[in-house]
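Here the structure is laid out as structure tokens; the discussion comes afterwards.
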Amino acid sequence: MPLAPLSMALKILVRSAVHRHPAMFARLGDQAGKRFVIDPTDLPFVVVMTPRLDDPEIEAVRRGEEPAADARIAGPLAGLVGLVHGNYDGDALFFSRDLSVEGDMSAVVALRNALDDAEIDLVAEAAAVLGPLANPAERVGRIAAGVAERITGIAFARTRSEP
Numbered sequence: 012m013p014l015a016p017l018s019m020a021l022k023i024l025v026r027s028a029v030h031r032h033p034a035m036f037a038r039l040g041d042q043a044g045k046r047f048v049i050d051p052t053d054l055p056f057v058v059v060m061t062p063r064l065d066d067p068e069i070e071a072v073r074r075g076e077e078p079a080a081d082a083r084i085a086g087p088l089a090g091l092v093g094l095v096h097g098n099y100d101g102d103a104l105f106f107s108r109d110l111s112v113e114g115d116m117s118a119v120v121a122l123r124n125a126l127d128d129a130e131i132d133l134v135a136e137a138a139a140v141l142g143p144l145a146n147p148a149e150r151v152g153r154i155a156a157g158v159a160e161r162i163t164g165i166a167f168a169r170t171r172s173e174p
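Each number in my numbering corresponds to the 1-based position in the sequence shown with 11 added.
As structure tokens, then:
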């Protein structure tokens, strides 16, 4: 599987997130310059990111070819996505050994807190990069995410609370 298209999509997504959620990146403070490896253990690649507000870096890299990192967060894709959406408790995943964390714990805690506060929704973030097509794309994305969740068990969208 070629990773260049995935890396390009991730870069576009992160640049959009910087504009939509600058406080999330700012909240990382000194930890924003740290390099994180996000390792979905059930996929053949990892994501390497440095979440700086002014110049974020992110790319997909084949497992085993990733550069040295300050911190590594590893677990099944479902758990990692569930953490982003707030569907899973990171402490529970860690203590049940479904999630492993290595390296700079201060950086990992800062990243977790920033993500929790931002209440990121991957469907909304992906749709936002489409500009004027964002609203219809988000509606279609939510339908697709619901179907994908029923098939895979992975919550690809944040659960929406009713007003």
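Backbone N, C-alpha and C define an ideal beta-carbon position, used for all residues, glycine too.
Please read these numbers as outputs of a predicted model, since none were measured by experiment.
Span of the beta strand (DSSP E) around P51: Unbroken beta strand (DSSP E) run through P51: F47 to P51.
Which residues DSSP lists as bridging S111, in chain order: Bridge partners of S111: A85.
Alpha carbon to alpha carbon, what distance is there between A103 and K22? If I take the Cα positions, the gap works out to 30 Å.
Is there contact between the stretch 128-148 and the stretch 106-116, where contact requires at least three CB pairs shorter than 8 Å? No, the stretch 128-148 does not touch the stretch 106-116.
Quick one: grab the DSSP three-state call for E160. In this structure, E160 counts as helix in the three-state DSSP scheme.
State the DSSP-derived secondary structure class of E68, mapped to helix, strand or coil. Three-state result, E68: strand.
Going by C-alpha distance, which of L144, A168 and D100 is nearest I154? When only C-alpha atoms are compared, the closest one is A168.
Cβ-based burial, A82 [other Cβ within 10 Å; buried from 16]: Flag for A82 reads buried.
Is there contact here, the stretch 38-47 with the stretch 116-129, by at least three beta-carbon pairs under 8 Å? Yes, the stretch 38-47 is in contact with the stretch 116-129.
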